Amino acid sequence: MKNVLECSHLVRRFGERTAVDDVSLSIAPGETYGLLGPNGAGKTTTIRMVCGLLRPDAGTVHVAGLPVNTAAGPAKQLIGFVPQDVALYPDLSVRENLRFFGRLYRLPRRRLERRVDEVLHLIDLGGRARDRVDSLSGGMRRRLNIGAGLVHSPTLLVLDEPTVGVDPQSRHAILESVTRFGEEGMAVLYTTHYMEEAERLCDRVGIIDRGGLVAEGTPRELVALVAERDRVRLTAVGGLTAYADACRRLARVEGAARSGDKGDVVELVVKDARSLLPDLLDLAHALDVGIRSVEIDEPDLEAVFLHLTGTALRE
Numbered sequence: 001m002k003n004v005l006e007c008s009h010l011v012r013r014f015g016e017r018t019a020v021d022d023v024s025l026s027i028a029p030g031e032t033y034g035l036l037g038p039n040g041a042g043k044t045t046t047i048r049m050v051c052g053l054l055r056p057d058a059g060t061v062h063v064a065g066l067p068v069n070t071a072a073g074p075a076k077q078l079i080g081f082v083p084q085d086v087a088l089y090p091d092l093s094v095r096e097n098l099r100f101f102g103r104l105y106r107l108p109r110r111r112l113e114r115r116v117d118e119v120l121h122l123i124d125l126g127g128r129a130r131d132r133v134d135s136l137s138g139g140m141r142r143r144l145n146i147g148a149g150l151v152h153s154p155t156l157l158v159l160d161e162p163t164v165g166v167d168p169q170s171r172h173a174i175l176e177s178v179t180r181f182g183e184e185g186m187a188v189l190y191t192t193h194y195m196e197e198a199e200r201l202c203d204r205v206g207i208i209d210r211g212g213l214v215a216e217g218t219p220r221e222l223v224a225l226v227a228e229r230d231r232v233r234l235t236a237v238g239g240l241t242a243y244a245d246a247c248r249r250l251a252r253v254e255g256a257a258r259s260g261d262k263g264d265v266v267e268l269v270v271k272d273a274r275s276l277l278p279d280l281l282d283l284a285h286a287l288d289v290g291i292r293s294v295e296i297d298e299p300d301l302e303a304v305f306l307h308l309t310g311t312a313l314r315e
């Protein structure tokens, strides 16, 4: 089998709006593929079509050579889907939840019990197997959410923002688990708002924007797209949205976006940042924006994303 997942020319419209426009991608056995895009770019719609939860208006999806559609079928047995929202039964125990999801896939009893034990080990919850889900921490629930998608031993695992809102220890455990899945030959489709996760986990990355796949390749190949460009990070106070808009109009500025947890950062992709810095500071002064700090970094995947979409991933 050459590829586990083959998506060919997917299109999906909602009324007059085209949410996904001619998207094609593939994932090989043992490969982790990161699908990145700003909010509203088409990631969730693409994932729903991959999992057979939404019918495409055009195009096809195949998993292990089998067609995927919205009806029940053998291809869906090969897919494990882990949604962003935790989808568990809070009044059941950890083990009971895994048993329930295994039964949905009609696993024979002996195989189910063996697989539940294996998954408990994989997600490091063996010591909490008898505990109710509503007694677990948020990070533990996230790990169990992944376990529910693994219990039937899928060929393709689809993970939608699996680390949102978890503590650093649980996040590390989840990332380590995803790394092992690839090493064991499972194909993984991974979406995240954390660029460092994509750089750490993904063999290849696809960047989707306005419904279309605008770039695809290994992280190293994508970074080469912004070679000889610098990423500038300005921490500031004032009208930063207007400042970012004004920066985009400067020569040698190829992308500018407001970001940061407090919205107090403007990130730019520029050519020759050091010679451009006086113009950036003069513009800030003219717009009554106070610059608190300036950082200039070598290009990375975040810079590629900003360059291609004009926005920060978490904007």
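No gaps in the numbering here: position 20 of the sequence shown is 20 in full-length UniProt numbering, and each next residue is one more. Note that beta-carbon positions come from the ideal geometry of N, C-alpha and C, so glycine has one too. None of these values were measured; they are calculated from a predicted model.
contact_flag[the stretch 177 to 193, the stretch 144 to 158] where n(CB pairs < 8 Å) is 3 or more: Taking one beta carbon from each stretch, the stretch 177 to 193 and the stretch 144 to 158 have 3 or more pairs nearer than 8 Å; the two touch.
Residues that proline 67 bridges to, as DSSP identifies them: DSSP, once it has assigned bridges, lists His62 as partnering proline 67.
Identity of the residues DSSP links to threonine 32 by a beta bridge: Paired residues: Val188.
Cut-off 7 Å between Cβ atoms - residues of its own chain near proline 29, not counting five sequence neighbours on either side: Excluding residues up to 5 positions away in sequence, Met1, Val4, Gly185 and Ala187 lie with their Cβ nearer than 7 Å to the Cβ of proline 29 in the same chain.
Local Cβ density within 10 Å of histidine 172, reported as buried at 16 or more and exposed below that: Histidine 172 sits exposed, since fewer than 16 C-beta atoms from the chains shown fall within 10 Å of its C-beta.
Beta strand (DSSP E) segment containing leucine 25, residue limits: 17 to 27 is the extent of the beta strand (DSSP E) around leucine 25.
Per-residue burial, glutamate 16 [other beta carbons within 10 Å of its own, 16 or more giving buried]: Glutamate 16 should be labelled exposed.
Buried versus exposed call for threonine 163 [16 or more other C-beta atoms within 10 Å across all chains shown]: Threonine 163 comes out buried.
Extent of the continuous beta strand (DSSP E) run through lysine 271: In this chain, the beta strand (DSSP E) harbouring lysine 271 covers 265 to 271.
Whole-number beta carbon distance between valine 158 and phenylalanine 81, since they are thought to touch under 8 Å: Contact flag correct, Cβ pair sits at about 5 Å.
Assigned secondary structure, serine 275 (DSSP; H/G/I helix, E/B strand, else coil): Looking at serine 275 - three-state DSSP - the assignment turns out to be helix.
Same chain, Cβ closer than 6 Å to leucine 120, five either side skipped, listed in chain order: Here the set comprises Gly126 and Ala129.
Segment contact, 8 Å Cβ cut-off, at least three pairs: the stretch 47 to 54 with the stretch 67 to 74: Yes, the stretch 47 to 54 is in contact with the stretch 67 to 74.
Neighbour flag for arginine 204 against chain B, beta carbons, 8 Å: Protein chain content of the structure displayed is limited to a single chain, and chain B is not contained in it.
C-beta contact flag for valine 23 and leucine 213 at 8 Å: Yes, the Cβ-Cβ distance between valine 23 and leucine 213 is below 8 Å.
Stretch pair the stretch 193 to 207 + the stretch 215 to 235: three plus CB contacts closer than 8 Å: Yes: the two stretches touch, three or more of their Cβ pairs being nearer than 8 Å.
8 Å contact criterion, which glycine 211 and alanine 19 should meet: CB distance rounded: Taking a contact as a CB-CB distance under 8 Å, the pair glycine 211 and alanine 19 counts as one, their CB atoms being some 6 Å apart.
Straight-line gap, arginine 103 to asparagine 39 (C-alpha atoms, nearest Å): Rounded to whole angstroms, arginine 103 and asparagine 39 show a C-alpha spacing of 35 Å.
Pair within 8 Å by beta-carbon distance, leucine 175 and leucine 201: Closer than 8 Å, so yes.
Pair within 8 Å by beta-carbon distance, leucine 234 and valine 294: Yes, the pair counts as a contact, with Cβ atoms nearer than the cut-off.
Residue of Ala251, Leu156 and Val266 minimising C-alpha distance to serine 275: Of Ala251, Leu156 and Val266, the residue nearest in Cα terms is Ala251.
As assigned by DSSP and simplified to three states, the class of isoleucine 123: Three-state result, isoleucine 123: coil.
Simplified DSSP state of glutamate 199, which is helix, strand or coil: Residue state for glutamate 199 is assigned as helix, using DSSP reduced to three classes.
Candidates Thr241, Gly165 and Ser8: closest to aspartate 21 by CA position: For the residues Thr241, Gly165 and Ser8, the minimum Cα distance to aspartate 21 belongs to Ser8.
Sequence-distant residues of its chain with Cβ nearer than 6 Å to leucine 35 (five each side left out): Close CB contacts of leucine 35 within its chain, under the 6 Å cut and outside five residues either way in sequence, are with Lys43, Thr191 and Gly206 (chain order).
Inter-residue spacing [alpha-carbon to alpha-carbon] between proline 278 and leucine 306: C-alpha separation (whole angstroms): 22 Å.
Extent of the continuous alpha helix (DSSP H) to which histidine 307 belongs: Where histidine 307 is concerned, the enclosing alpha helix (DSSP H) stretches over 301 to 309.
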